[in-house]
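First the structure, in the form of structure tokens, and then the observations on it.
Protein chains: 2
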Amino acid sequence: MIRVVLADDETLIRDAVAQLLGLEDDLEVVAVAGDGPAAIAAIREHRPDVAVLDLQMPGADGIEVAETVRRTQPGCQVVVVTSHGRPGYLKKALAAGVRGFLPKTVPATVLAGAVRQVAGGGRYLDPELAADAISAGDSPLTPREADVLELAAEGAPVEEIARRASLAAGTVRNYLSSAVAKLGVSNRHEAVRLARSQGWI
Amino acid sequence: MIRVVLADDETLIRDAVAQLLGLEDDLEVVAVAGDGPAAIAAIREHRPDVAVLDLQMPGADGIEVAETVRRTQPGCQVVVVTSHGRPGYLKKALAAGVRGFLPKTVPATVLAGAVRQVAGGGRYLDPELAADAISAGDSPLTPREADVLELAAEGAPVEEIARRASLAAGTVRNYLSSAVAKLGVSNRHEAVRLARSQGWI
DNA sequence: CGGGGCGCATGACAGATGTCACGGCGCACC
DNA sequence: GGTGCGCCGTGACATCTGTCATGCGCCCCG
């Protein structure tokens, strides 16, 4: 019997997926959680074989939880499920020791299969996402460029970004400018959108 | 027995929720669909008592589907489920004849209860969302302001917005300026974010 | 040890944006 | 039949952005 802890912030989805996994003969959902910290606590307490984590959760996202789990409980394998299949997310997830990664667009049987796969020491990556991640390449942005672009994401003016990043306004403009150039777009907002879609910020 | 058609673009969620509803003694999921047009076709073919629709779907969103259903099959009641509980969405949904509206954060039992409620001719609105929608008030934006703001949402420059809206650049600036003033924010991007969060665009 | 990349900053300039004032047109409501 | 409001536009101005050139210091790698 494979013991599973499930975390997703949407109760309806959590209940439904828990039901669904519970119907499999060899799977048992031993606990569920609605946010990152609760997931960490549940995994610590119930010591499951596999943790199925939503990528987007309040408190701590699936990747942060995965990192904690890897450090504190190497025996627990992590599968991440997400609505947003950004290439950068898959890379970060793999770096965090995640063994399974799939979008919510897959059929239920695939999730069950992935859980079995990682429980047996294997891996399961969604082929589409894996192909995207490989072909997408790494982020061309330097760390500071990414920082600044992230602060620019909410439409804040340069001056406010500068304050929040403890930089001079001119420096912020330079970073934004080089990010825009690297991404081949025409203004900061398109740069934000592109970087977001790739999971670079 | 209440016959249900379920539509959601994420297969995993669709499968899971279908399972879950199917476990209820008095509910029967007679068809599922993964996008708007497929939902319309499935409802036309299977003539369910209740249609449970995700708000975000490719092709036609839950509200468009609801409008079609109301026109062509008044006997089929619609419940809309969403990840994004924007006040404006609830208003639009009610205007489209939707009888039930709830976020995906509710427990599974609530969804089943809502389905029964609307099947019996009643309504079910999530109390939180209903309160938000009432207190949020209507959009202060004029139709054209909303149009222009929507076109500005992707970070397009004024000139492009003007072309796409068939307006003079100065007029676009005026609309953006008045939208920014009405929303009490400091630039167009914050205006877009606020209007988005309220479901006004 | 000498590049080369990166972080940080300044200054200057063109172009885009936000603001304000103003005017005309059409429509609905009193 | 006026009065208001929304819609559409122009022009001018201050400010913000995007771009470019340039400089300094740091650290890593060959």
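Residue numbers (the numbering used here), protein chains in the order written: chain A, 237 to 437; chain B, 237 to 437.
Using N, Cα and C, we set each Cβ at its ideal position, and we do this for glycine too.
### Message
Less than 7 angstroms between the beta carbons of Arg-438/B and Gln-313/B, yes or no?
### Response
With chain B covering only 237 through 437, there is no way to say anything about residue 438/B.
TODO: Just the C-alpha distance for Glu-260/B and Val-253/B, rounded to the nearest angstrom, thanks.
DONE: As a first step, residue 260/B is located in the second sequence; it is residue number 24 there, counting from the start. As a first step, residue 253/B is located in the second sequence; it is residue number 17 there, counting from the start. One Cα belongs to Glu-260/B, the other to Val-253/B, and the distance between them is close to 11 angstroms.
Taking the beta carbon of Glu-390/B as the centre, do at least 16 other beta carbons fall within 10 Å, making it buried, or is it exposed?
Residue mapping note: residue 390/B aligns to position 154 of the second sequence, counting from 1. It counts as exposed.
List the endpoints of the continuous beta strand (DSSP E) containing Ala-344/A. Translated into the one-based positions of the first sequence, residue 344/A becomes position 108. No beta strand (DSSP E) contains Ala-344/A, which is instead part of the alpha helix (DSSP H) from 344-355.
Below 7 angstroms on C-beta distance, what does Ala-344/A contact in chain B? Here residue 344/A corresponds to residue number 108 of the first sequence, with the count starting at 1. Correct list: Leu-248, Asp-251 and Ala-252.
Taking the C-alpha atoms as reference points, what is the distance between Val-305/B and Glu-246/A? What you label residue 305/B is simply residue 69 of the second sequence in a count that begins at 1. What you label residue 246/A is simply residue 10 of the first sequence in a count that begins at 1. Straight through space, the alpha carbons of Glu-246/A and Val-305/B are spaced by roughly 27 angstroms.
Beta-carbon gap between Ala-388/A and Arg-424/A smaller than 7 angstroms: As a first step, residue 388/A is located in the first sequence; it is residue number 152 there, counting from the start. As a first step, residue 424/A is located in the first sequence; it is residue number 188 there, counting from the start. A contact, by the Cβ cut-off of 7 angstroms.
CB of Val-265/A within 7 angstroms of CB of Val-240/A, strictly | The residue given as residue 265/A occupies position 29 in the first sequence. The residue given as residue 240/A occupies position 4 in the first sequence. Cβ distance < 7 angstroms, so Val-265/A and Val-240/A count as in contact.
Taking DSSP as the reference, what is the three-state secondary structure of Pro-376/A?
Translated into positions along the first sequence, residue 376/A becomes position 140. Residue state, collapsed to three classes: coil.
Which value, in whole angstroms, describes the spacing of the CA atoms of Leu-289/B and Asp-297/B? Position 53 of the second sequence, counting from 1, holds the residue named residue 289/B. Position 61 of the second sequence, counting from 1, holds the residue named residue 297/B. Answer to the nearest angstrom: the Cα atoms are 9 angstroms apart.
Open item on the list: To the nearest angstrom, how far is the alpha carbon of Ala-355/A from that of Val-315/A?
Closed with: Stepping through the first sequence from its first residue, residue 355/A is reached at position 119. Stepping through the first sequence from its first residue, residue 315/A is reached at position 79. So the two alpha carbons sit approximately 10 angstroms from each other.
Going along the region 310-321 of chain A in order, which residues come within less than 8 angstroms of chain B, judged by CB to CB distance? Val-317 and Ser-319
Review point. What separation, rounded to the nearest whole angstrom, lies between the Cα atoms of Arg-400/B and Leu-330/A?
Key: Sequence index remark: in the second sequence, residue 400/B carries index 164 (1-based). Sequence index remark: in the first sequence, residue 330/A carries index 94 (1-based). So the alpha carbons of these two residues sit roughly 42 angstroms apart.
Note down, in chain order, every chain B residue with its Cβ under 8 angstroms from the Cβ of Gln-255/A. Stepping through the first sequence from its first residue, residue 255/A is reached at position 19. The answer, in chain order, is Ala-252, Gln-255, Leu-256, Leu-259 and Ala-344.
* Run the CB neighbour count on Pro-339/A, radius 10 Å, all protein chains shown included, and call it buried at 16 or more, exposed below. => Against the first sequence, residue 339/A aligns to sequence position 103. By the neighbour-count rule (16 or more Cβ atoms within 10 Å), Pro-339/A is buried.
| message | Are there any heavy atoms of the ligand ZN lying less than 6 angstroms away from the beta-carbon of Ala-296/A, as far as the coordinates show? | response | Absent from the structure shown: the ligand ZN. Ligands present: none.
| message | Using only CA atoms, which one of Leu-347/A, Arg-283/A, Ile-279/A and Asp-374/A lies nearest to Val-418/A? | response | The residue you call residue 418/A lines up with position 182 of the first sequence. In the sequence as displayed, the identity of residue 418/A is Lys instead of Val. If we check each option's Cα against that of Lys-418/A, Asp-374/A comes out closest.
Note to self: So that I know if they touch, is there some Cβ in chain B lying closer than 7 angstroms to that of Leu-347/A?
What the structure shows: Locating residue 347/A in the first sequence gives position 111, where the first residue counts as 1. By this cut-off, Leu-347/A is an interface position.
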